[in-house]
Amino acid sequence: MDSDHPDFWFKVGGNFPASRLEQHELRQFRELERKIMHKVLDDYLLLTSTDAFADLDPVTQHISGEITGLELELCEIPDMEEESDLHAPDALEQNSVEQLYKQLDRAMEEAEKFKRQAFEESLIRGEAEKTSIKALRKFKMDTYKKIYLLIALLASSFCLGSAGDIVHHDDVAPQRPGCENNFVLVKVPTWINGVEDIEYVGVGARFGLTLESKEKHANFFILALADPPDCCSKPKNKLSGEVILAHRGNCSFTTKANVAEDAGASAILIINNRTELFKMVCEVNETDVQIGIASVMLPQDAGASLEKYLTSSSSVKVQLYSPRRPVVDVAEVFLWLMAVGTILCASYWSAWSAREAAIEQDKLLKDGLDELIHMDGVRSSGIVNINTTSAILFVVIASCFLVMLYKLMSYWFIEILVVLFCIGGVEGLQTCLAALLSCFRWFQPAGESFVKVPFFGAVSYLTLAVSPFCIAFAVVWAVFRSISFAWIGQDILGIALIITVLQIVRVPNLKVGTILLSCAFLYDIFWVFVSKWLFKESVMIVVARGDKSGEDGIPMLLKIPRMFDPWGGYSIIGFGDIILPGLLVAFSLRYDWLAKKNLRAGYFLWAMTAYGLGLLVTYVALNLMDGHGQPALLYIVPFTLGTFLTLGKQRGDLKALWTMGEPERPCRHIQFQPSGS
Numbered sequence: 001m002d003s004d005h006p007d008f009w010f011k012v013g014g015n016f017p018a019s020r021l022e023q024h025e026l027r028q029f030r031e032l033e034r035k036i037m038h039k040v041l042d043d044y045l046l047l048t049s050t051d052a053f054a055d056l057d058p059v060t061q062h063i064s065g066e067i068t069g070l071e072l073e074l075c076e077i078p079d080m081e082e083e084s085d086l087h088a089p090d091a092l093e094q095n096s097v098e099q100l101y102k103q104l105d106r107a108m109e110e111a112e113k114f115k116r117q118a119f120e121e122s123l124i125r126g127e128a129e130k131t132s133i134k135a136l137r138k139f140k141m142d143t144y145k146k147i148y149l150l151i152a153l154l155a156s157s158f159c160l161g162s163a164g165d166i167v168h169h170d171d172v173a174p175q176r177p178g179c180e181n182n183f184v185l186v187k188v189p190t191w192i193n194g195v196e197d198i199e200y201v202g203v204g205a206r207f208g209l210t211l212e213s214k215e216k217h218a219n220f221f222i223l224a225l226a227d228p229p230d231c232c233s234k235p236k237n238k239l240s241g242e243v244i245l246a247h248r249g250n251c252s253f254t255t256k257a258n259v260a261e262d263a264g265a266s267a268i269l270i271i272n273n274r275t276e277l278f279k280m281v282c283e284v285n286e287t288d289v290q291i292g293i294a295s296v297m298l299p300q301d302a303g304a305s306l307e308k309y310l311t312s313s314s315s316v317k318v319q320l321y322s323p324r325r326p327v328v329d330v331a332e333v334f335l336w337l338m339a340v341g342t343i344l345c346a347s348y349w350s351a352w353s354a355r356e357a358a359i360e361q362d363k364l365l366k367d368g369l370d371e372l373i374h375m376d377g378v379r380s381s382g383i384v385n386i387n388t389t390s391a392i393l394f395v396v397i398a399s400c401f402l403v404m405l406y407k408l409m410s411y412w413f414i415e416i417l418v419v420l421f422c423i424g425g426v427e428g429l430q431t432c433l434a435a436l437l438s439c440f441r442w443f444q445p446a447g448e449s450f451v452k453v454p455f456f457g458a459v460s461y462l463t464l465a466v467s468p469f470c471i472a473f474a475v476v477w478a479v480f481r482s483i484s485f486a487w488i489g490q491d492i493l494g495i496a497l498i499i500t501v502l503q504i505v506r507v508p509n510l511k512v513g514t515i516l517l518s519c520a521f522l523y524d525i526f527w528v529f530v531s532k533w534l535f536k537e538s539v540m541i542v543v544a545r546g547d548k549s550g551e552d553g554i555p556m557l558l559k560i561p562r563m564f565d566p567w568g569g570y571s572i573i574g575f576g577d578i579i580l581p582g583l584l585v586a587f588s589l590r591y592d593w594l595a596k597k598n599l600r601a602g603y604f605l606w607a608m609t610a611y612g613l614g615l616l617v618t619y620v621a622l623n624l625m626d627g628h629g630q631p632a633l634l635y636i637v638p639f640t641l642g643t644f645l646t647l648g649k650q651r652g653d654l655k656a657l658w659t660m661g662e663p664e665r666p667c668r669h670i671q672f673q674p675s676g677s
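Take the sequence shown: its position 469, counted from the start at 1, is 469 in UniProt numbering, and no numbers get skipped.
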């Protein structure tokens, strides 16, 4: 029998789930019930006080006895022991008894109606109070949920693994025998009057002699200023193994190199007319490209500084060498551990929350409450489930945001991103700290006690206690983010933000996860590789590096300095390379826990391993490409998603994973229905 049936609560003996009612409400309900039944019993006593009642037949007396045995046990009916004259009831008396029984039936129906109404009203009041409490506690989560969705979108827009380019491959520039070098970065350390000074970075030309890769094998050269400055004709000053410094323009690069070599120079440094570097190539119609000296392009500011020293009669010496990046740097190992560990922690937190919600649902069903229509709100409080439409829109919105960053990239725009990152980082850090401290019994009372804060709603005392520390941490990082070890604070805030986003945002089933990761797969490839054809440079790489902003990249990245790399720099990974596949990995663990699968029989271990292997392949490709930025999702998505789909197909769970996203569970509500229904 369904609990919505009007007779349900009365056929099971009038026993209500008192645990769902407040004590004062229960007392009010019992008082109302007592008043109603007293009225019924008063009518009954009026009947039994007449002499005619003693003459009723045994069946009628038995029915009357059942009336006195009502379960409410409000009072006892006194036995009618006084004898009266016995006589057979006449037609009028019999009719009176029948009318009285009809009145009793109507009174019982009204009593049942009042009981039902009282119970429903108590449920409504209890639900209203419960809803208001939830609204207070949920207001803070709903407010920050919007912030998290915004920051999650911003963070997920950056899906890039990079270590910085030191070799620039170019299939467009002319390449032929004598003009086939790779464009490599060149270190140019300087000594002014015998004192070590600034180390500049230039780029080697497509032509000329290749440079030494190790500093200890690189020779010291005296730097001389070209005369004429463009080095398009034979220099007036005599050269004997010096490195000549010339300006760009008035003739081709190969012409300058040939003139310098003929004059006796050992190498030529060409000053660009811009602050960035430029790739020096051979012209199509040039034939004299067999050049025996090295040619290096310097940025305008570096060249101007060296020229200033030379014009002031200072002695300037330089070294030229192009060190190779190590095959594997320890920074990449730590970055891999950070990414995998972040998803691991977020997955277990998400699965634990899902299991607690399932246990709460079972308890409510066990109480026999008809609140199934409200269960979705209870289970998903503070949770955002991605649907198919939002998964597709992610690509469009993230692409628009990326192009906006590319076009508006500047110092003030980076400052806006820093503020948004700090807001998300503070909330993520305090959420993680509050959840972690709540695991200890000393902090549980503070975590379960709430206070109403203006604008933020109901906030736990534990959250209030950790908030000042989190705010101070983010502010200190933002102010001192340019120092050498500021990456530690950025990674802490970033990891806390990612874990909290993975706790709030979820994929409900494998279908949505497949669509989301497939769209992200195409998005990453397009903006790293294909965008070069439309914008003449990789939009994703330019935005991630923070070009034209004067800052050391955007904050929505995890990064670690390359410790054993002669070029320095950072190994980085975008938030999107962790959040997007992390949604699928967290989904796999939630499914395993709800299905009560162990690690070997479940999907989480395989999904986690597949993500780790995909990220590892990303770093291998990164080193094979000499540090050129790679779309990490190009390697992660096939590993993670392919493994999940293949395993689900083999085990026969693909249909449940694809549509429902959770195992079928028997309805616990059935076993608490009354028998015989």
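Cβ atoms here follow ideal geometry from the backbone N, Cα and C, with glycine treated the same way.
Nothing here was measured: the structure is a model prediction, and the numbers come from that model.
In angstroms, rounded to a whole number, what distance separates the CA positions of residue i and residue j?
{"i": "residue 541", "j": "residue 528", "result": "7 Å"}
{"i": "residue 657", "j": "residue 509", "result": "6 Å"}
{"i": "residue 284", "j": "residue 179", "result": "11 Å"}
{"i": "residue 585", "j": "residue 569", "result": "31 Å"}
{"i": "residue 358", "j": "residue 599", "result": "20 Å"}
{"i": "residue 241", "j": "residue 332", "result": "41 Å"}
{"i": "residue 293", "j": "residue 512", "result": "58 Å"}
{"i": "residue 226", "j": "residue 492", "result": "51 Å"}
{"i": "residue 517", "j": "residue 471", "result": "34 Å"}
{"i": "residue 688", "j": "residue 473", "result": "Because the chain here runs from 1 to 677, residue 688 falls outside it and cannot be looked at."}
{"i": "residue 483", "j": "residue 476", "result": "11 Å"}
{"i": "residue 617", "j": "residue 611", "result": "10 Å"}
{"i": "residue 181", "j": "residue 202", "result": "15 Å"}
{"i": "residue 526", "j": "residue 405", "result": "16 Å"}
{"i": "residue 444", "j": "residue 438", "result": "5 Å"}
{"i": "residue 276", "j": "residue 566", "result": "21 Å"}
{"i": "residue 414", "j": "residue 228", "result": "43 Å"}
{"i": "residue 183", "j": "residue 297", "result": "10 Å"}
{"i": "residue 220", "j": "residue 266", "result": "11 Å"}
{"i": "residue 347", "j": "residue 402", "result": "28 Å"}
{"i": "residue 500", "j": "residue 609", "result": "22 Å"}
{"i": "residue 579", "j": "residue 398", "result": "14 Å"}
{"i": "residue 597", "j": "residue 447", "result": "31 Å"}
{"i": "residue 524", "j": "residue 574", "result": "11 Å"}
Mapping the DSSP letters down to three states, classify residue i as helix, strand or coil.
{"i": "residue 422", "result": "helix"}
{"i": "residue 179", "result": "strand"}
{"i": "residue 460", "result": "strand"}
{"i": "residue 567", "result": "coil"}
{"i": "residue 576", "result": "helix"}
{"i": "residue 258", "result": "helix"}
{"i": "residue 196", "result": "strand"}
{"i": "residue 399", "result": "helix"}
{"i": "residue 416", "result": "helix"}
{"i": "residue 216", "result": "helix"}
{"i": "residue 189", "result": "strand"}
{"i": "residue 651", "result": "helix"}
{"i": "residue 204", "result": "strand"}
{"i": "residue 443", "result": "coil"}
In chain order, what residues of the same chain lie with their CB nearer than 8 Å to the CB of residue i, ignoring the 5 residues before and after it?
{"i": "residue 334", "result": "560"}
{"i": "residue 519", "result": "391, 392, 394 and 395"}
{"i": "residue 291", "result": "178, 207, 208, 209, 254, 257, 258 and 261"}
Suppose the cutoff is 6 Å on Cβ atoms and the five residues either side in sequence are ignored; what does the same chain contact list for residue i look like?
{"i": "residue 621", "result": "630"}
{"i": "residue 521", "result": "633 and 637"}
{"i": "residue 581", "result": "611, 636 and 640"}
{"i": "residue 602", "result": "592"}
Note down, in chain order, each residue of its chain lying with its Cβ closer than 7 Å to the Cβ of residue i, except the 5 sequence neighbours on either side.
{"i": "residue 418", "result": "478 and 555"}
{"i": "residue 605", "result": "599"}
{"i": "residue 327", "result": "623"}
{"i": "residue 263", "result": "234, 235 and 239"}
Would the segment 225-241 and the segment 292-303 be scored as touching if the rule is three or more Cβ pairs under 8 Å?
no
The segment 177-192 in contact with the segment 322-330 per 3-pair CB rule at 8 Å
yes
What alpha helix (DSSP H) runs, 4 residues minimum, are completely inside the segment 476-503?
none
Could you say if the segment 337-355 and the segment 242-252 meet the contact criterion of at least three C-beta pairs nearer than 8 Å?
Using a Cβ-Cβ distance cut-off of 8 Å, the segment 337-355 and the segment 242-252 are not in contact, since fewer than three pairs of beta carbons, one from each stretch, lie closer than that value.
With a floor of 3 residues, list each beta strand (DSSP E) that falls wholly inside the segment 287-350, ordered by position along the chain.
294-298 and 316-319
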